[in-house]
Structure formats: C-alpha cells, structure tokens
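Numbering (my numbering), first residue to last: 5 to 192.
To keep things clear, I will list the structure first and then write my remarks on it.
Here is the structure:
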C-alpha cells in the first residue's frame with residue numbers, strides 16, 4: 005500500500021521548542037493558575053483570532069477568560085489545595101496550513117521563519133478543592149468543599165511560531181466531565 009506524501013515543511017528544533025513552551029504556558033496560565041488567574045497574562049500568549057473549542061462550546065479569548073474567572077470563583081484560593089500535573093506535551097513534526105492561508109504562502113512563511121504552525125498535543129490533570137458556598141454552574145446544587153482529583157484534560161493546539169515565539173491560535177480540548185468529579189446528578 006502506497007503511503008500518502010507528507011505535506012508541510014519539517015519543523016526545526018527551535019520552532020518545535022517554541023511551540024511546546026507556548027502550550028506549557030497555556031496550561032500554566034489556565035489550569036495551573038486557579039488561585040492566581042490573570043486574563044491579561046493568558047491573552048499575552050493567544051493570537052488575536054484565538055479559538056477555544058470544548059465538547060459542545062466555542063469561545064474566543066474573551067470567552068475563555070470569562071470561563072476561567074467563573075471557574076476560579078469556585079476554587080478554594082489556597083495554593084496548597086490546587087495543582088496541575090503535565091503528563092505529555094508532544095509537537096508534530098511538520099508545519100500545517102492555516103485555514104486563512106494558502107498552502108504555498110504557509111510553506112514560504114515557514115521556510116522564511118515567519119510563521120510556522122505546529123500541531124501540539126498535550127495531556128494533563130488538575131486537582132482542586134471547591135470553595136465553601138459554591139454551587140454547580142447554572143444550578144442550585146451545592147458543591148462546597150468537594151475535592152476534585154485527577155481531572156484529565158487532552159488538548160490539540162495549533163501554535164504559530166514567529167521569530168522564535170509561539171502564539172496559541174486554536175485549542176480543541178476534551179476533558180473529564182466536571183459534573184462527575186463534583187458528584188452532581190444529571191437532573192440537578
């Protein structure tokens with residue numbers, strides 16, 4: 005059986021490392037910042053046209069910042085009670101075309117160091133304790149004091165690297181359901 009021809013320029017070591025660092029920063033500034041979240045700091049590593057997609061929702065940078073503020077609002081604000089453990093961050097070997105850029109333009113930009121786009125896969129888990137007086141999103145179900153352990157997150161990210169710096173353009177995230185981890189019944 006004939007293998008399909010690989011498309012896209014091979015990423016060099018510097019570009020690969022910049023893409024990896026950008027995703028590690030994304031993790032640190034979202035799930036790793038539940039007690040010190042800053043929307044401004046998060047947006048520093050996101051592109052102007054950033055897209056976040058989860059199981060059934062989509063948001064831009066502002067929407068993600070709002071979600072993070074809401075989540076941080078239910079987390080006990082003690083650094084000893086929250087953690088994030090990164091298991092894997094893996095960068096694909098080739099630059100991929102962006103939907104808004106022709107393939108020839110993309111390859112030319114990559115070859116000139118003006119915007120290689122890497123696909124980065126990541127897996128991490130988050131742990132935290134819910135603050136007293138908290139209710140589950142959009143319900144009256146009390147989740148005060150619940151301990152969330154081993155909340156698994158998988159991400160596919162597109163990271164554009166320009167002049168050695170990675171900027172996160174898109175995140176497609178799959179994660180465990182918060183409802184299960186917080187013991188919230190489906191009818192709540």
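Glycine included, every Cβ here is placed at the ideal spot set by N, Cα and C.
Predicted model, so just to flag it, every value in this text is computed and none were measured.
- About 5 angstroms separates the beta carbons of residue 128 and residue 90, which is inside the 8 angstroms limit, making them a contact pair.
- Taking a C-beta distance under 8 angstroms as the contact criterion, residue 53 and residue 173 qualify as a contact pair.
- Taking residue 139 as the centre and dropping the five residues before and after it, the same chain places the C-beta of 145, 146, 147 closer than 7 angstroms to its C-beta, in chain order.
- Membership of residue 161 in the beta strand (DSSP E) is indicated by the continuous run 151 to 166.
- Between residue 134 and residue 186, the beta carbon gap of about 7 angstroms places them in contact (Cβ cut-off 8 angstroms).
- Annotated as distal: residue 132 and residue 68, with beta-carbon spacing of 8 angstroms or more.
- CA-to-CA, the gap between residue 37 and residue 188 works out to about 24 angstroms.
- Here residue 149 is exposed, its C-beta having fewer than 16 other C-beta atoms within 10 Å.
- Exposure of residue 190 is indicated by the presence of fewer than 16 other C-beta atoms within 10 angstroms of its C-beta.
- Here residue 158 has 125, 126, 127, 177, 178, 179 as same chain residues with Cβ atoms under 8 angstroms from its own Cβ, once five neighbours each way along the sequence are excluded.
- Beyond the five residues adjoining it in sequence on each side, residue 33 comes within less than 6 angstroms, by CB distance, of 45, 46 in the same chain, given in chain order.
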